[in-house]
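From first to last, the protein sequence lines are chains A and B.
In terms of the numbering used here, the first sequence is residues 580 to 694.
In terms of the numbering used here, the second sequence is residues -4 to 174.
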Amino acid sequence: MAIWFFRGLRKGIATTRYPKTLDPWTRDLPTPPAFHSRRLTSGLADALAEACPSGAIRRAGPDLVIDLGRCTCCGRCLELAGDAAAPSGEFQLATVDRSGLVKRVPIRGDHGSRA
Amino acid sequence: MRADQPITPPIGGGLEGELRRRTLAVFGRSLHIRTVDTGSCAVCESEIRLLASPHYDLHRLGFFFTPAPRHADLLMVTGPAIRAADNLLLKVVQATPDPKAVLAVGACALGGVYCEDELVHGAVDRVVPVDVYVPGCPPSPLALLQGLLVAVGRLEERVAALSMDLDAPGPAADGGDAS
């Protein structure tokens, strides 16, 4: 935020160069979660699906399914999952293919306790 | 119908795909945008409004807002498509001259916030065909700009290559291990 303000004062240009370069402040934007599949247990996956207020996270057999289209980046899953999740940092999510927004993460944290 | 099963077919090959690609190319440097609110909380509108601010300045990219759907090439539809706005939405889409593109903007329009019931459809693509989906709650103005550039084919979309698995070894997960 401050950077473009000072650049604007110095050069008289406040406009982002967006398609060419990404502004540094975009790192602070809320983004959908990404998960460490090796730290995901089925118990945690069920808890995540339960906690997601928009139904973006759900359990589908051996996978955790994340619908980026439904995600509101509220951060509840990040709070719940601890070190098993981190913000993906990707906000440029526009797509022509709705099903491309549905991502699957295999649950690989269960050692020997898979059903 | 689930939100992850869109009614808009992706641009494929053949004559139809070529036609759709060419119409998008026509919009390349001069695209007029009309926003349609189907019951959103107005935060998406606030972000769309910011596109015209000096910092984002969508005019430099050849995009313009227009007050009438008859002058528009692209509709930015926000909100969960409340049933009370069906008439409005269909009228606006019909009033927009072909060729046109429809952007579904925000998590509501993509089926995230409201489930389908007697008040809302829950997703815009259950009412009208959608060409580009822009997720976010609200989408940042830069995300909207990317959506517009994807809509006119000037920017590649990034979602297809995106993996939400931080432990994935590469583009193709090797499986094999995991006890």
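The beta carbon of each residue, even a glycine, is placed where N, CA and C say it ideally should be.
(request) Determine the DSSP secondary structure at VAL145(B), reduced to helix, strand or coil. (result) On the second sequence, residue 145(B) is found 150 positions in, with the first residue counted as 1. The answer is helix: DSSP assigns VAL145(B) an H, G or I state.
(request) Taking 8 Å as the cut-off, decide whether the C-beta atoms of GLY688(A) and LEU643(A) are in contact. (result) On the first sequence, residue 688(A) is found 109 positions in, with the first residue counted as 1. On the first sequence, residue 643(A) is found 64 positions in, with the first residue counted as 1. Going by C-beta atoms, GLY688(A) is not nearer than 8 Å to LEU643(A).
(message) Under 8 Å, Cβ to Cβ, is there at least one residue of chain A near SER25(B)?
(response) If you number the second sequence from 1, residue 25(B) lands on position 30. No, its Cβ sits nowhere closer than 8 Å to a Cβ of chain A.
(request) Note the first and the last residue of the continuous alpha helix (DSSP H) segment covering ARG44(B). (result) Indexing the second sequence from 1 puts residue 44(B) at position 49. 38 to 45 is the span of the alpha helix (DSSP H), which, as asked, contains ARG44(B).
(message) Quick check: what's the CA-CA separation for LEU56(B) versus SER48(B)?
(response) For the purposes of this step, residue 56(B) is taken as the residue at position 61 of the second sequence. For the purposes of this step, residue 48(B) is taken as the residue at position 53 of the second sequence. Their Cα atoms are separated by approximately 13 Å.
(message) In whole angstroms, give me the CA-to-CA distance for ALA639(A) and ASP646(A).
(response) As a working mapping, residue 639(A) is identified with position 60 in the first sequence. As a working mapping, residue 646(A) is identified with position 67 in the first sequence. Cα-Cα distance, rounded: 12 Å.
(request) Spell out whether any CB of chain A is found under 8 Å from the CB atom of LEU150(B). (result) Within the second sequence, residue 150(B) is the residue found at index 155, counting from 1. True, the Cβ-Cβ gap to chain A drops below 8 Å.
(message) What does the Cβ neighbour count give for ALA673(A), buried or exposed, with the cut at 16 atoms within 10 Å?
(response) Stepping through the first sequence from its first residue, residue 673(A) is reached at position 94. Classification of ALA673(A): buried, given that the 10 Å Cβ count is 16 or more.
(request) Could you please give the first and the last residue of the uninterrupted beta strand (DSSP E) stretch that includes ASP682(A)? (result) The residue labelled residue 682(A) in the question sits at position 103 within the first sequence. The sequence shown places Lys at residue 682(A), not Asp. LYS682(A) -> beta strand (DSSP E) spans 681 to 685.
(request) Would you kindly report the start and end of the unbroken beta strand (DSSP E) that includes VAL31(B)? (result) Sequence index remark: in the second sequence, residue 31(B) carries index 36 (1-based). Run containing VAL31(B): 26 to 32, per the beta strand (DSSP E) assignment.
(message) Tell me the rounded alpha-carbon separation between VAL125(B) and CYS36(B).
(response) As a working mapping, residue 125(B) is identified with position 130 in the second sequence. As a working mapping, residue 36(B) is identified with position 41 in the second sequence. So the two alpha carbons sit approximately 20 Å from each other.
(request) With distances taken Cα to Cα, identify the nearest neighbour of GLY117(B) among ILE77(B), LEU150(B) and LEU144(B). (result) Position 122 of the second sequence holds residue 117(B). GLY117(B) has its Cα closest to that of ILE77(B), out of ILE77(B), LEU150(B) and LEU144(B).
(request) Let me know if ALA694(A) comes out buried or exposed under the rule of 16 or more other beta-carbons within 10 Å of its beta-carbon. (result) Stepping through the first sequence from its first residue, residue 694(A) is reached at position 115. Note that ALA694(A) scores 42 on pLDDT, short of 50, meaning its location in the model is unreliable and no value can be drawn from it.
(message) I'd like to confirm the pairing. Which residues does DSSP put opposite THR674(A) in its beta bridges?
(response) Translated into the one-based positions of the first sequence, residue 674(A) becomes position 95. TYR128(B), per the DSSP bridge assignment.
(request) Determine which residues of the stretch 643 to 674 of chain A have a Cβ less than 7 Å from any Cβ of chain B, and write them out in chain order. (result) ILE645, ASP646, LEU647, GLY648, ARG649, CYS650, THR651, CYS652, ALA665, SER667, GLU669, PHE670, GLN671, LEU672, ALA673 and THR674
(request) Leaving aside the five residues before and after ALA167(B) along the sequence, list all residues of the same chain whose C-beta is less than 8 Å from its C-beta, in chain order. (result) Walking along the second sequence from the start, residue 167(B) turns up at place 172. Low confidence applies here, because ALA167(B) scores a pLDDT of 43, under 50, leaving its location unreliable; read the following figure in that light. For ALA167(B), where only same-chain residues beyond five positions count, there are no Cβ hits under 8 Å.
(request) Report yes or no: is there a C-beta of chain A within less than 8 Å of the C-beta of ASP162(B)? (result) Taking the second sequence and counting its residues from 1, one reaches residue 162(B) at position 167. Cβ-Cβ to chain A under 8 Å: yes for ASP162(B).
(request) Helix, strand or coil for ILE592(A), going by three-state DSSP, please let me know. (result) As a working note, residue 592(A) is residue 13 in the first sequence. Coil.
(request) Buried or exposed for SER633(A), please, with buried defined as at least 16 other CB atoms from any protein chain shown within 10 angstroms of its CB. (result) Sequence index remark: in the first sequence, residue 633(A) carries index 54 (1-based). Per the 10 Å Cβ criterion, buried.
(message) In the DSSP output, what is ASP642(A) paired with across the bridge?
(response) The count along the first sequence starts at 1 and reaches residue 642(A) at position 63. BP columns for ASP642(A) point to ALA639(A) and PRO685(A).
(request) Helix, strand or coil for ASP625(A), going by three-state DSSP, please let me know. (result) Taking the first residue of the first sequence as position 1, residue 625(A) is located at position 46. Correct three-state label for ASP625(A): helix.
(request) Check whether the stretch 26 to 45 of chain B touches the stretch 61 to 73 of chain B, taking contact to mean three or more Cβ pairs, one atom from each stretch, closer than 8 Å. (result) yes
(request) Closer than 8 Å by beta-carbon distance: list the chain A residues that pair up with LEU140(B), in chain order. (result) Within the second sequence, the letter at position 145 stands for residue 140(B). Going along chain A in sequence order, the residues near LEU140(B) (Cβ under 8 Å) are TYR597 and PRO598.
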